[in-house]
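One line per chain: the protein sequences are E and S, in this order.
For the first sequence, full-length UniProt numbering assigns the number 1 to the initial residue and increments by one for each residue that follows.
For the second sequence, full-length UniProt numbering assigns the number 1 to the initial residue and increments by one for each residue that follows.
Glycine included, C-beta positions come from ideal geometry on N, C-alpha and C.
What you are looking at is a predicted structure, and each value in this text was computed from that prediction instead of being measured.
For reference, the structure is listed below as structure tokens.
Protein chains: 2
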Amino acid sequence: MVVMAATTSFFRIWSPRHGFGCMTSHSKLGCKVETIDVCDTKTTCDLSSCMQLKRKSDQATSGVMDWSMFVAAITTNFLEREMMFHLKKKSQTTVLDVGLGRLVQDGLIYRQNVCIRSYETGPDGKTSIETLMNHMQDTALNHTKTVGLLGDALGSTPEMKKKNLVWVVTKMQLVVDRYPTCDDVVQIDTWRAVSGKNSGRTDWLFRDSQTGKILVRASSNWVMMNKETRRLSKYPDEVRAELEQYYLDTPPILEDDTKNDMELDKSVEYVRKGLLATWKDLDMNQHVNNVRYLGWILESVPNQVQENYELASMTLEYRRECRKDNVLQSQTFVLSNSNGEKVDHNHVDCQHLLQLEGECKGKIMKGRTRWRLKLAKEGESWDN
Amino acid sequence: MVVMAATTSFFRIWSPRHGFGCMTSHSKLGCKVETIDVCDTKTTCDLSSCMQLKRKSDQATSGVMDWSMFVAAITTNFLEREMMFHLKKKSQTTVLDVGLGRLVQDGLIYRQNVCIRSYETGPDGKTSIETLMNHMQDTALNHTKTVGLLGDALGSTPEMKKKNLVWVVTKMQLVVDRYPTCDDVVQIDTWRAVSGKNSGRTDWLFRDSQTGKILVRASSNWVMMNKETRRLSKYPDEVRAELEQYYLDTPPILEDDTKNDMELDKSVEYVRKGLLATWKDLDMNQHVNNVRYLGWILESVPNQVQENYELASMTLEYRRECRKDNVLQSQTFVLSNSNGEKVDHNHVDCQHLLQLEGECKGKIMKGRTRWRLKLAKEGESWDN
């Protein structure tokens, strides 16, 4: 509960206790939320049972949907039984890497079980934040693929491909309650929603597939960019028509963090200069992947923070595109009180800036992170 | 076939055409090898059908083996059918991430199907060499787990754990015929063998699960190190007794590369200084993982090489441990002929050195790599 208190003080988190819809105008529809507690293993009500679902065209997609649901029915039953069997035996037998994704909740949520592989964990046995973001990206892509809208390898729809458009993330918010560890089977739900006139939203919810406990919540905003001109584009009607039947009519899983930057006078600055964007940092659209930007931000977070604290939450705002051969500098400002000390022993708050070096000092990304003291291992305490 | 010619000129590769056993003293046992060609999709004989298997104690492990084989029988049949079904439909439906490993070939080979996830591929759509090594590490760990010998999270056996011993890699050889791409389902076989008095060997064979074509071959040598003193250890009898029943009596899949370093007079040197080993580079045994060493080596390979060529083969020799807070420098020597030009337009040969910076200039790792010109995409040619 300390964790929850910490994270809610930083972000106002959407909580299943209050529910999608139940706090909105849809509450009149009679949605009931019962004994749900995100920290309680006795969760009795599925998250999405109180969601207000919106489906603009069932007919248009019935072929794909029905087929997928049919396959899901076979594979899910088999795999869930297998999974429980393996989980009980996993120390002695095979490792399970369940990856058969499927549509649930009237076809509006894509759900995939992901087994955390050994190399996805760090020295403390926990997954890195980059790994979580990789899985977010992968499941969103698989969602697009599953509904038959994958126009290219990076999630563009067929109409986007015709118009030479690609997705670009503008904002990413994430809260981690617990980091998964090796062999954990994590159930990842992802869904899309409308967000303003020219952008879309993708949300994720990670749960421990054994206990149902929520691990990670994330919400992101996306716009479209012309692949050739590299300029942002309006949301074409044809693309909207492709996507809107899969939109879930819900508020974001994390309430939009619109907090202004704090004063930086009383902060300690850490800088990592000369970060070069090379060919290896590009994705198949020849632009730098958003997970790479986070990696660069973390380059300037002092080791003492990364070693003794874990990232509890973050908001990243992507301002402009970084291109191959750009040289960047990453700045982290560790916030402190008026005496230059940390405000709270259990937490570190940081602000971040990633900008181009040289004459054109364009801001590539800015962000905020909150780090919480790692829980001491048995018989061990953190000095700091 | 150009690829094969290239790689065999660098390493003498074990080939199924000649077979395990068939070129050794076991050939008298009457093993027949028929029409196998590693580049032929019409491969008619399973690799391991001509292996000479060695099993010192069937009784000791029969419980685990029988149970595993039983589970494998259920899951394999189901998943293989499902897999083929999904592969045919994958562009429209769900992505498959098959990860149920199992023992095959009389329980001496561990086999796992791995689906390449979207984030495991680079700008050219192919997996990185680090990703291949991550999967090698993961499947070797799962092998140990499957036979019930996992004493800790990093592959130590129960007897090793009692004696405070961990595995340390001393040599890694790898040849890549083709890099897997996104959504490829790769069948990875791994097995262990004895290698000298105080070391063990682990080999891997990656195949395209649809065509059976060989993608990657790798062979590695391991010794034991005391976790506290950080000194190498003899191979204790108790550990040998645990492991030898799972040893396959075969030569390495890649013949041991004992070539001495070439003269470096006619080479161009590239250096990357100031590489800092931080907490993030450690694994759960608090030592730097061998995949990280490779990452550092690649830091000094010029971008022009990484962009226009792909790594075809490598030999890495791990000389001493690198510790947290060590500062390293990575050196790459691009080999050339007596006129200072590349020997062969289609290939780049490199030598590598990773050593400590400062007063104590200890060699951490040395290696050799061969890179081949990437195949031009349709309608595109490489300038270089």
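* Asked: Nearest CA to the CA of ILE364 of chain E: which residue from E:ASN326, E:VAL334, E:ARG370 and E:LEU335?
  -> In the first sequence, residue 364 of chain E corresponds to position 364, counting from 1. If we check each option's Cα against that of ILE364 of chain E, E:ASN326 comes out closest.
* To do: May I ask you to list the residues that DSSP assigns as paired with GLY367 of chain E?
  => By 1-based counting over the first sequence, the position of residue 367 of chain E is 367. According to DSSP, which records beta bridges pairwise, GLY367 of chain E is partnered with E:LEU316 and E:HIS352.
* Asked: Among residues of its own chain, excluding the 5 on either side of GLU159 of chain E, which ones have a beta-carbon nearer than 7 angstroms to its beta-carbon?
  -> Start at 1 with the first residue of the first sequence, and residue 159 of chain E comes out as number 159. Result list for GLU159 of chain E: PRO236, GLU238, VAL239 and GLU242, in chain order.
* **Neighbouring residues, chain E, relative to MET284 of chain S (Cβ below 7 angstroms)** => Working through the second sequence from its first residue, we reach residue 284 of chain S at position 284. PRO123 and GLY125, listed in chain order.
* **VAL194 of chain E to LEU275 of chain E span [Cα, whole Å]** => One-based indexing of the first sequence puts residue 194 of chain E at position 194. One-based indexing of the first sequence puts residue 275 of chain E at position 275. In this model, VAL194 of chain E and LEU275 of chain E are separated by some 35 angstroms (Cα to Cα).
* To do: Leaving out five residues on either side along the sequence, give the residues of the same chain with a beta carbon under 7 angstroms from the beta carbon of LEU282 of chain S.
  => Indexing the second sequence from 1 puts residue 282 of chain S at position 282. Cβ within range, chain order: VAL288 and LYS324.
* To do: Kindly list the residues whose CB is nearer than 7 angstroms to the CB of HIS135 of chain E, restricted to its own chain and excluding five residues on each side of it in sequence; keep chain order.
  => Taking the first sequence and counting its residues from 1, the one referred to as residue 135 of chain E is at position 135. Around HIS135 of chain E: VAL114 and ILE188.
* Taking Cβ positions only, does CYS350 of chain E come closer than 8 angstroms to chain S? -> The residue you call residue 350 of chain E lines up with position 350 of the first sequence. Closer than 8 angstroms: no.
* Per-residue burial, residue 386 of chain S [other beta carbons within 10 Å of its own, 16 or more giving buried] -> Not covered by the structure: residue 386 of chain S. The range shown for chain S is 1 to 384.
* **C-beta neighbour in chain E for GLN355 of chain S, strict 8 angstroms** => Position 355 of the second sequence, counting from 1, holds the residue named residue 355 of chain S. Closer than 8 angstroms: no.
* Distance, Cα to Cα, ILE36 of chain S vs LYS162 of chain E? -> Here the question's residue 36 of chain S lines up with position 36 in the second sequence. Here the question's residue 162 of chain E lines up with position 162 in the first sequence. Because the pLDDT at ILE36 of chain S is just 26, under 50, the model does not fix this residue reliably, and the value given afterwards should be weighed accordingly. If you draw a straight line from the Cα of ILE36 of chain S to the Cα of LYS162 of chain E, it is about 44 angstroms long.
* Asked: Does the beta-carbon of CYS360 of chain E have 16 or more other beta-carbons within 10 angstroms, so that it is buried, or is it exposed?
  -> Taking the first residue of the first sequence as position 1, residue 360 of chain E is located at position 360. That one is exposed.
* From S:ASN198, S:THR144, S:VAL348 and S:THR332, residue whose alpha carbon lies closest to that of TYR309 of chain S -> Along the second sequence, read from residue 1 onward, the residue named residue 309 of chain S stands at position 309. Ranking the options by Cα distance to TYR309 of chain S, first place goes to S:VAL348.
* To do: Could you name the residues of chain E that ARG117 of chain S contacts, counting a contact when the two beta carbons are closer than 7 angstroms?
  => If you number the second sequence from 1, residue 117 of chain S lands on position 117. Under the 7 angstroms cutoff, chain E gives ASP138.
* Asked: Under 8 angstroms between C-beta atoms, does LEU141 of chain E make it to chain S?
  -> As a working note, residue 141 of chain E is residue 141 in the first sequence. Using a CB distance cut-off of 8 angstroms, LEU141 of chain E counts as an interface residue toward chain S.
* For GLN306 of chain S, the nearest candidate out of S:LYS126, S:THR315, S:ASP106 and S:SER336 (CA to CA) -> By one-based count along the second sequence, residue 306 of chain S stands at place 306. Distance from the Cα of GLN306 of chain S is smallest, within the candidate group S:LYS126, S:THR315, S:ASP106 and S:SER336, for S:LYS126.
* To do: Consult DSSP for GLN173 of chain E and reduce its assignment to one of helix, strand or coil.
  => Against the first sequence, residue 173 of chain E aligns to sequence position 173. In this structure, GLN173 of chain E counts as strand in the three-state DSSP scheme.
* Under the DSSP definition of a beta bridge, which residues are partnered with GLN112 of chain S? -> Against the second sequence, residue 112 of chain S aligns to sequence position 112. Paired residue(s): S:ILE188.
* Anyone know if the C-beta pair for TRP167 of chain E and LEU248 of chain E falls short of 8 angstroms? -> As a position in the first sequence, residue 167 of chain E is number 167, starting the count at 1. As a position in the first sequence, residue 248 of chain E is number 248, starting the count at 1. No Cβ-Cβ contact shorter than 8 angstroms links TRP167 of chain E with LEU248 of chain E.
* Which one of E:ARG231, E:ASP177 and E:LEU353 has the shortest CA to CA distance from ARG372 of chain E? -> Your numbering for residue 372 of chain E matches position 372 in the first sequence. Here the closest residue by C-alpha is E:ASP177.
* **GLY148 of chain E versus E:LEU103, E:ASP203, E:LEU132 and E:MET133, residue with shortest Cα-Cα distance** => As a first step, residue 148 of chain E must be located in the first sequence, where it is residue number 148. Distances from the alpha-carbon of GLY148 of chain E to those of E:LEU103, E:ASP203, E:LEU132 and E:MET133 put E:LEU103 closest.
* To do: Express the C-alpha separation of PRO252 of chain E and GLY30 of chain E in angstroms, rounding to a whole number.
  => Counted from its first residue, the first sequence places residue 30 of chain E at position 30. Counted from its first residue, the first sequence places residue 252 of chain E at position 252. Note on GLY30 of chain E: pLDDT 28, under 50, position unreliable in the model; the coordinate value appears next. GLY30 of chain E and PRO252 of chain E: Cα-Cα distance of roughly 21 angstroms.
* C-alpha distance - MET224 of chain E paired with LYS197 of chain E, whole-angstrom precision -> As a first step, residue 224 of chain E is located in the first sequence; it is residue number 224 there, counting from the start. As a first step, residue 197 of chain E is located in the first sequence; it is residue number 197 there, counting from the start. Answer to the nearest angstrom: the Cα atoms are 12 angstroms apart.
* C-beta atoms of SER233 of chain S and ASP138 of chain E nearer than 8 angstroms -> In the second sequence, residue 233 of chain S corresponds to position 233, counting from 1. In the first sequence, residue 138 of chain E corresponds to position 138, counting from 1. No, Cβ-Cβ distance for SER233 of chain S and ASP138 of chain E is not below 8 angstroms.
* Asked: With a Cβ-Cβ cutoff of 8 angstroms, do LEU316 of chain S and GLN331 of chain S count as a contact?
  -> By 1-based counting over the second sequence, the position of residue 316 of chain S is 316. By 1-based counting over the second sequence, the position of residue 331 of chain S is 331. The answer is no: Cβ separation not under 8 angstroms.
* **Through-space distance from LEU108 of chain E to LEU294 of chain S, alpha-carbon basis** => Within the second sequence, numbered from 1, the residue matching residue 294 of chain S stands at position 294. Within the first sequence, numbered from 1, the residue matching residue 108 of chain E stands at position 108. Straight-line Cα distance between these residues: approximately 42 angstroms.
* Comparing alpha-carbon positions, which option in E:LYS227, E:ASN226, E:ASP184 and E:SER220 lies nearest ARG207 of chain E? -> To locate residue 207 of chain E, count along the first sequence from 1; it is residue 207. The shortest Cα separation from ARG207 of chain E among E:LYS227, E:ASN226, E:ASP184 and E:SER220 belongs to E:ASP184.
* Would you report the Cα separation of CYS322 of chain E and ARG368 of chain E, rounded to the nearest angstrom? -> The residue given as residue 322 of chain E occupies position 322 in the first sequence. The residue given as residue 368 of chain E occupies position 368 in the first sequence. Rounded to whole angstroms, CYS322 of chain E to ARG368 of chain E spans 20 angstroms at the Cα level.
* Assumed close pair THR121 of chain E, THR181 of chain E - CB separation to whole angstroms, cut-off 8 angstroms -> What you label residue 121 of chain E is simply residue 121 of the first sequence in a count that begins at 1. What you label residue 181 of chain E is simply residue 181 of the first sequence in a count that begins at 1. About 6 angstroms separates the two Cβ atoms, so the contact holds.
* Output yes if chain S places a C-beta closer than 8 angstroms to the C-beta of ALA60 of chain E; else output no. => Taking the first residue of the first sequence as 1, we reach residue 60 of chain E at position 60. Only weak support exists for where ALA60 of chain E lies, its pLDDT of 37 falling under 50; the coordinates are left without a value.
* Smallest Cα separation from LEU254 of chain S: which of S:SER313, S:TYR179 and S:ASP106? -> Numbered from 1 along the second sequence, position 254 holds the residue referred to as residue 254 of chain S. Looking at the Cα atoms, S:SER313 is the closest of the given residues.
* Spatially closest choice to ARG230 of chain S from S:VAL271, S:LEU141, S:GLN286 and S:THR202, by CA coordinates -> In the second sequence, the residue the question calls residue 230 of chain S occupies position 230. ARG230 of chain S has its Cα closest to that of S:GLN286, out of S:VAL271, S:LEU141, S:GLN286 and S:THR202.
* Three-state class that DSSP yields for LYS162 of chain E in the structure shown -> For the purposes of this step, residue 162 of chain E is taken as the residue at position 162 of the first sequence. Helix.
* Name the DSSP beta bridge partners of SER267 of chain S, please? -> Here residue 267 of chain S refers to the residue found at position 267 of the second sequence. DSSP, once it has assigned bridges, lists S:LEU335 as partnering SER267 of chain S.
* Asked: Is the CB of LYS374 of chain S under 8 angstroms away from at least one CB in chain E?
  -> Here residue 374 of chain S is taken as the residue at index 374 of the second sequence, counted from 1. Cβ-Cβ to chain E under 8 angstroms: no for LYS374 of chain S.
* Asked: Between the segment 303-318 of chain E and chain S, which residues of the former have CB atoms less than 7 angstroms from a CB of the latter, in chain order?
  -> ASN303, GLN306 and GLU307
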